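Numbering (the numbering used here), first residue to last: 9 to 416.
C-beta atoms are modelled at their ideal positions from N, C-alpha and C, and glycine is treated no differently.
The structure displayed is predicted, hence computed values, not measured ones.
The structure appears right after this line, and notes come after that.
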């Protein structure tokens, strides 16, 4: 198979490494030919070093020289069976790329986007051949997360979905198929997790290291360290893009930096407030690990808590009305993920099995959310929801979801 890749930023470079590690012919397209030459020189020099150290056979090196190409010419993608777009998260930019790809690629070539926050269906509506188009969302960092979302549209035939499943398997990735919505389904579920952790942080009773420690009772990675890795600016942009009414994670962005409500605004019944702390982090230029300051402060690349007063949002409407044990805080984080998963099932985003696979992989859980709820049982799950509602707020109520969703 010959695969094209448009875009060579952090995500694109990670996807390229996956492709280059398999027996695919790979064409990487960039905007600037000089940059493309630099990328090629850097990559092939790394292969030469691997040959000298005995990690790569000379004939394998020769094969990669023949099968991998960096170019700024779209015409070089003409023979590709599939092209992955991984450019900047801007719809106009992506649509221009797909316009060029439709002009040069074969009629049977699949065209996919790696977008994590834009609507696939809206993009498909601008294409001449939407039946060739789908979403194929890899997660950052690409080498470490063995999951991809195949985001389907109404015009995507089953054969295209199966081709993408086969590609994911060939790349050693587990794939899940999800319905199109503003933003990635798995990222929306992560949004529930991140937001709840920020709510806990804004209560001013514990720092991020304690929250991450409690989260690791259920998940491999803590939410605060994960958000700092993503970057505050990227996280806020993604949350805002996917926060339209009726979305999986419908956030309201109408709080002042101290957490007070700017004004009473119309909001959907299931919407909830974006944490005021995100606004303060952005204003202070605290963008995460890349700036040395985010939720954590970094000294010699090691994270440290700031003073609790920095995190506190005294006027926020979502602060827990009662004191909590560490166990209840860890359950708040777990049930935030369960809530997001239930919302996705209620909106028909994916099957319970695919949601289980996706969340289990992304958070490195022992069991996925629905398997966990199955083990927990109706009575215990509902009792916990009621306890969390009393302690932390109405967002933990489940009365608005059909009972059958708890154990599909």
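Distance from the Cα of residue 378 is smallest, within the candidate group 347, 118, 45, for 347. Judged by pairs of C-beta atoms under 8 Å, the stretch 329-348 touches the stretch 192-207, as three or more such pairs exist. Residue 183: member of the beta strand (DSSP E) spanning 182-187, first to last residue. At the C-beta level, residue 138 and residue 163 come within 9 Å of one another.
Residue 268 counts as exposed, since fewer than 16 other C-beta atoms from the protein chains shown sit within 10 angstroms of its C-beta. By the Cβ-count criterion, residue 326 is buried, with 16 or more other Cβ atoms from all chains shown falling within 10 Å of its own Cβ. If you draw a 10 Å sphere on the C-beta of residue 136, you find fewer than 16 other C-beta atoms in it, and that means exposed. Nearest neighbour of residue 15 by Cα position, chosen from 67, 35, 157, 380, turns out to be 35. Residue pairing from DSSP leaves residue 293 without any beta-bridge partner. Excluding residues up to 5 positions away in sequence, 13, 92, 94, 122, 146, 150 lie with their Cβ nearer than 8 Å to the Cβ of residue 23 in the same chain.
Pairing residue 265 with residue 285, the inter-Cα distance amounts to about 7 Å. In the three-state DSSP reduction, residue 10 falls in the strand class (E or B). Residue 389 and residue 397 do not touch by the CB rule: their CB atoms are close to 13 Å apart, not below 8 Å.
For the 9 Å CB-CB criterion, residue 324 and residue 283 form a contact. A residue is called buried once 16 or more other Cβ atoms fall within 10 Å of its Cβ, and residue 312, having fewer, is exposed.
A contact between stretches requires three or more CB pairs, one per stretch, nearer than 8 Å, and the stretch 123-131 meets this requirement with the stretch 176-196. Remark: C-beta atoms of residue 156 and residue 90 do not approach each other more closely than 9 Å. Apart from sequence neighbours up to five positions away, the residues of its chain that approach residue 217 with a beta-carbon distance below 6 Å are 313, ordered along the chain.
For the pair of segments examined, the stretch 291-307 was found to touch the stretch 223-236: the number of CB pairs separated by less than 8 Å reaches three. Assignment of beta strand (DSSP E) within the stretch 104-142, counting only whole runs of 3 or more residues, yields 118-121 in chain order. Within the same chain, and ignoring the five residues on either side of residue 215 in sequence, the residues whose Cβ sits closer than 8 Å to its Cβ are 209, 313, 314, 316, 319. DSSP links residue 147 through a beta bridge to no other residue. The alpha carbon of residue 232 has as its nearest neighbour, out of 70, 289, 250, 170, the alpha carbon of 289. Here the alpha carbons of residue 366 and residue 106 stand approximately 28 Å from one another.
Per DSSP, the unbroken alpha helix (DSSP H) holding residue 59 starts and ends at 41-60. Counting along the chain, residue 317 sits inside the alpha helix (DSSP H) bounded by residues 316-319. Within 10 angstroms of the beta-carbon of residue 270 lie fewer than 16 other beta-carbons, which makes it exposed. A distance below 8 Å between beta-carbons, with the five flanking residues on each side excluded, links residue 28 to the following residues of its chain, in chain order: 34, 51, 72, 76.
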